[in-house]
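Beneath this line is the structure, given in C-alpha cells, with notes to follow.
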Amino acid sequence: MLAKFGFDILELSTLATLRVGRATRRTLCRYGHSPCLSAAVDCVVARARQIISSPHNTKFWEPLVLAHYITVIETLKRALDSPKTRYKPEVLCATEILALYELLEPSGEAAWIRHSAGAAHLILLRRPESYTTDFERALFMGHTGPIMTEALLNGKRCFLEQNAWQNLLMSVICKEKYYTVSDCSEIVVLLIMAKSKIPGTFWDMTQLLCRQEEPSLEYVVRIQKWCRELRQRFVDWKCKYEALIREVGDVGEGTMEFDRRVKAYATFF
Numbered sequence: 001m002l003a004k005f006g007f008d009i010l011e012l013s014t015l016a017t018l019r020v021g022r023a024t025r026r027t028l029c030r031y032g033h034s035p036c037l038s039a040a041v042d043c044v045v046a047r048a049r050q051i052i053s054s055p056h057n058t059k060f061w062e063p064l065v066l067a068h069y070i071t072v073i074e075t076l077k078r079a080l081d082s083p084k085t086r087y088k089p090e091v092l093c094a095t096e097i098l099a100l101y102e103l104l105e106p107s108g109e110a111a112w113i114r115h116s117a118g119a120a121h122l123i124l125l126r127r128p129e130s131y132t133t134d135f136e137r138a139l140f141m142g143h144t145g146p147i148m149t150e151a152l153l154n155g156k157r158c159f160l161e162q163n164a165w166q167n168l169l170m171s172v173i174c175k176e177k178y179y180t181v182s183d184c185s186e187i188v189v190l191l192i193m194a195k196s197k198i199p200g201t202f203w204d205m206t207q208l209l210c211r212q213e214e215p216s217l218e219y220v221v222r223i224q225k226w227c228r229e230l231r232q233r234f235v236d237w238k239c240k241y242e243a244l245i246r247e248v249g250d251v252g253e254g255t256m257e258f259d260r261r262v263k264a265y266a267t268f269f
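Numbering of the sequence shown is given in this note's numbering, commencing with residue 1 and proceeding in unit increments.
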C-alpha cells in the first residue's frame, strides 16, 4: 500500500471519529483477500494522498480517486446484495472505511451521515451475539459514536440502549486496561453505555411535549425521575474518571494516552 500510493493508512489512525486505530491493523491483515474491503482502503488512501499532494498534482489524483470510489461502491453493492456476504465483518469494515472517505471530502457531510447510517443498520442486522472476534468487536466499538449520533439526528431511540447490546458493551471491557483510557477500558465503555440512553430520552421528551392530549402525572413523574437518574450516571462517571486520572497520574501532552483522555472527557461534555 505504501509502495502503491506513497501513503500508509495507519497515518489516519488518529481520526477518532471511527476509532480506526484499533481496527486498522486487523484490517490490513485482510487487505487483498476481501474485494470490497481492499477497494475501500484503496479509495481512502488515494483520497488522503490527494489531500497531501502539492496543488499542481491534484488533477493527477482526481480521476484516480473517482475511479477507486466507483470501484468500492460497485463491490460493496455486490457484497450487500448477496446473502452469503452481506453480514461478513469485512463488509461492515468496508462500509465504515467508506464513511471515513466521505469525511475527507470537503462536501461529504451528507454522504458521511448516509454511510454512517448504513453501517449502523448493518451492525443492528448482525445482532449482538455475532460479535465474537476481536476484529468484529473493534468494528462495533469503532461505530458506537456514529450510531448514537445518527439516532439523535433522526429523532429515534438508539438500539444500543437495549439490554442485549448493553451486555455486549459490558463484555468488551478489558480489565487488564483499567489504567488506560482505551476503547475497551471500563471507563470508556461506561460512558458509551450512558450516552446510548440520550437519544431515547430526547425521544421521550419530544413525545411528552408535543402530544396533543394532557399527559398523566404519573408519566411526567416517571420521565423526570429517569432524567435525574441519567444525569446522576454522568455525574458518577465524571467522579470515577477524575479519580482514575488522579490514581494513574499525568501523561505527556501529545501522547496517545493524553489524546484518549481528552477525547473521553470531551465526549462527556
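Each residue gets a CB set at the ideal place from its N, CA and C atoms; glycine is no exception. Quick caveat: nothing in here was measured; it's all calculated off a predicted structure.
Report task. Could you tell me whether the Cβ atoms of Ala40 and Leu98 are closer together than 8 Å? Result -> Annotated as proximal: Ala40 and Leu98, with beta-carbon spacing under 8 Å.
Report task. If I'm right that Glu105 touches Ala119 with Cβ under 8 Å, what's the distance once you round it to whole angstroms? Result -> About 17 Å separates the two Cβ atoms, so there is no contact after all.
Report task. Would you check if the distance between the CB atom of Ala46 and the CB atom of Val65 is smaller than 8 Å? Result -> A contact, by the Cβ cut-off of 8 Å.
Query raised in the report: At what residue ranges does the region 175-241 contain a whole run of the beta strand (DSSP E), taking only runs of 3 or more?
Result: If only uninterrupted beta strand (DSSP E) runs of at least 3 residues are considered, none is enclosed by the region 175-241.
Query - DSSP state of Leu104 mapped onto helix, strand, coil - result: The DSSP-derived three-state label of Leu104 is coil.
Requested in this report: Report buried or exposed for Tyr219, applying the criterion of at least 16 other Cβ atoms within 10 angstroms of its Cβ.
Outcome: By the 10 Å Cβ count, Tyr219 comes out exposed.
Query raised in the report: With 16 as the cutoff for other CB atoms within 10 Å, does Cys43 come out buried or exposed?
Result: Classified as buried, Cys43 has 16 or more neighbouring CB atoms from the shown chains inside 10 Å of its CB.
Report task. Let me know the secondary structure DSSP gives Cys158 once reduced to three states. Result -> Of the three classes helix, strand and coil, the one that applies to Cys158 here is coil, per DSSP.
Query raised in the report: If we ignore side chains and look at the alpha-carbon of each, how far apart do Leu208 and Ile192 end up?
Result: Cα to Cα, Leu208 sits roughly 25 Å from Ile192.
Query raised in the report: Are the region 170-187 and the region 216-230 touching by the rule of at least three beta carbon pairs closer than 8 Å?
Result: These segments do not touch.
Report task. Return helix, strand or coil for Pro83, following the three-state DSSP convention. Result -> For Pro83, the three-state secondary structure derived from DSSP is coil.
Query raised in the report: What first and last residue would you give for the alpha helix (DSSP H) that runs through Ser38?
Result: Residues 35-52.
Report task. Pull up the distance between the alpha-carbon of Trp61 and that of Leu100, whole angstroms please. Result -> Rounded to the nearest whole angstrom, the C-alpha separation of Trp61 and Leu100 is 18 Å.
**Report entry** Classification of Pro199 by the beta-carbon crowding that lies within 10 angstroms, buried from 16 upward
**Finding:** Around the CB of Pro199, 16 or more other CB atoms lie within 10 Å, so the residue is classed as buried.
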